[in-house]
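Down below is the structure, laid out as structure tokens.
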Amino acid sequence: MLSRQRPWLQLALALGVVAVLILALEASGALDALGHWVIAMQADLHRRLTQAVTLLDRTPSSDAWLTLIGLSLFYGVFHAAGPGHGKAVISAYLVSQGGAWRRALALSVAAALLQGAVAIVLILALVQGLGWLTREALGSVVWVERLSFALVALLGLWLSARALGRLLKIARSSSADPAPSHDGHHGPHEPRRHHQYHGHHEHHDCCSGHHHVSPHGPRREAWLAVLAIGARPCSGAVLLMGVTSLLGQPWMGGAAVLAMSLGTALTVSTLGLASVLARDWVAARAARTSAARGRVMARLGALVALTGGLLIAGLGILLMSQVGASDPSLPLMSPGGRPGGLGA
């Protein structure tokens with residue numbers, strides 16, 4: 149009996165250690181110090197970006213280009229390390245819905261590149277195409293943000309509805325199965341083995357593993373997640389495109405934004421991989437106990453998926469309610485300004 153409970157005890161101990169470490173870091177102020185350091189790095193890179201854009205505009209050279217691209221890459225890395233809805237959505241999606249490390253990488257990179265592409269297309273279409281003022285184009289980002297956050301809420305509601313359907317299916321299956329009446333026809337260990345095999349089969353049908361549904365469902369959800377995150381352009385990318393448009397060199401901004409997107413993808417994909425590894429670690433230890441198989445594991449997976457969907461939906465609704473609550477700042481318009489807005 150003790151050996152069966154040992155994986156759960158290990159899991160509880162690990163979670164307890166993590167909780168204690170987080171509380172200790174919070175009490176010591178280390179988390180606040182880390183947050184201030186990230187913001188300070190963003191501000192410093194922000195100032196250097198402004199100087200690099202100005203230098204490249206005045207004296208174009210290969211060194212100036214390399215400086216701008218390198219700074220844009222590092223800006224994307226540190227900007228994505230700050231608060232933002234993209235990391236929260238990807239982490240909640242991967243932890244609650246499952247997915248291999250390839251999916252984590254694909255989602256993170258696709259969402260980051262889409263954010264950069266939206267920033268480039270938005271500024272080029274409004275400023276270069278329609279002749280809007282740069283400040284007017286920057287102000288129009290609020291409508292794109294509303295669309296992105298609405299898609300986040302829609303994604304969460306869809307995931308919640310699908311998980312609820314799985315829970316109802318498991319409940320109906322449990323009530324429909326007759327009680328076993330053929331225990332006497334097997335050896336002392338046969339009923340348990342048969343039940344485990346049956347539970348393992350149900351785990352593939354109902355739980356949140358990689359093979360439980362048709363690939364078209366996860367593929368649609370993945371594309372919706374990418375669209376929901378990437379539809380909101382990175383604030384730093386939009387401002388950089390705005391500055392280079394003012395200088396009459398939007399192509400310079402486009403190249404820098406692509407480098408910035410790669411830096412963002414690096415940070416977000418690292419977090420996505422960590423989410424997948426953490427989920428697999430918990431699932432592997434939970435599956436070691438005989439009590440955590442069959443319908444119990446399937447029901448637990450569906451509950452986790454439902455919780456993740458509700459969290460994503462709540463995040464989208466909360467972000468929608470806060471759009472436009474604060475005045476947008478234009479940090480790149482003045483040297484030494486600090487980056488504003490949500491991160492990736």
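Adding 148 to a residue's 1-based position in the sequence shown gives its number in the numbering used here.
Cβ coordinates follow ideal geometry from the N, Cα and C atoms, glycine included.
Remember, predicted model here, so these are calculated numbers, not experimental data.
| query | result |
| --- | --- |
| Burial state of Ser322 (16 or more Cβ within 10 Å) | exposed |
| Reduced DSSP category for Val471 - H, G, I as helix; E, B as strand; rest coil | coil |
| Proximity winner among Val225, Arg196, Leu204, relative to Val416 (alpha-carbon distances) | Val225 |
| Distance between beta carbons of Leu193 and Phe222, contact taken as under 8 Å | 6 Å |
| Cβ distance (whole Å) where Val391 is taken to contact Val201 below 8 Å | 6 Å |
| Cβ-based neighbour list, Val289, same chain, cut-off 6 Å, excluding 5 preceding and 5 following | Val386 |
| Cβ neighbours of Ala407 in the same chain (closer than 6 Å, five flanking residues each side left out) | Ile217, Ser220, Leu221 |
| Nearest neighbour of Ser423, chosen from Gln245, Leu451, Leu262, Glu369 [CA to CA] | Gln245 |
| Straight-line gap, Leu286 to Gln263 (C-alpha atoms, nearest Å) | 15 Å |
| Nonlocal neighbours in the same chain, by C-beta distance under 7 Å from Ile460, ignoring five residues either side | Val237, Ala240, Tyr241, Val300, Leu303, Gly304, Leu307 |
| Assigned exposure category for Pro398 - 16 Cβ within 10 Å defines buried | buried |
| Inter-residue spacing [alpha-carbon to alpha-carbon] between Ala311 and Leu278 | 44 Å |
| Among Arg251, Thr215, Met189, the one whose alpha carbon lies nearest that of Glu369 | Arg251 |
| Of the residues Gly420, Ala273, Thr418, Ala298, the one placed nearest Gly402, counting alpha carbons only | Ala273 |
| Collapsed DSSP secondary structure at Pro398 in the structure displayed | helix |
| Beta-carbon proximity check, Gly464 vs Ala259, cutoff 9 Å | no |
| Burial state of Gly396, where buried means 16 or more other Cβ atoms lie within 10 Å | exposed |
| Start-to-end residues for the alpha helix (DSSP H) that takes in Val269 | 249-271 |
| Close Cβ partners of Ala404 (< 7 Å) along its chain, the five nearest in sequence each way excluded | Leu216, Ile217, Ser220, Leu388 |
| Backbone CA spacing between Gly230 and Leu182 [nearest angstrom] | 10 Å |
| CA-to-CA distance, Leu375 to Thr198, given in whole angstroms | 30 Å |
| Closest by C-alpha distance to Arg380, when choosing among Arg206, Leu204, Val471, Leu458 | Val471 |
| Ser469 and Ile377 closer than 9 Å at C-beta | no |
| Cβ neighbour criterion (16 or more within 10 Å) applied to Thr207 | exposed |
| Classification of Ala446 by the beta-carbon crowding that lies within 10 angstroms, buried from 16 upward | buried |
| First and last residue of the uninterrupted alpha helix (DSSP H) at Thr215 | 210-228 |
| Exposure of Glu284, with buried meaning 16 or more beta-carbon neighbours within 10 Å | exposed |
| Cutoff 6 Å; reference Arg427; Cβ partners in own chain excluding five residues on either side | Val243 |
| Rounded C-alpha distance that separates Arg196 from Gly313 | 52 Å |
| Gln245: first and last residue of the uninterrupted alpha helix (DSSP H) it sits in | 233-245 |
| Exposure label - Ser209; buried when at least 16 CB within 10 Å | exposed |
| Same chain only: Cβ atoms within 7 Å of Ile268, ignoring 5 sequence neighbours per side | Met389, Gly402, Val405 |
| Exposure label - Gln276; buried when at least 16 CB within 10 Å | exposed |
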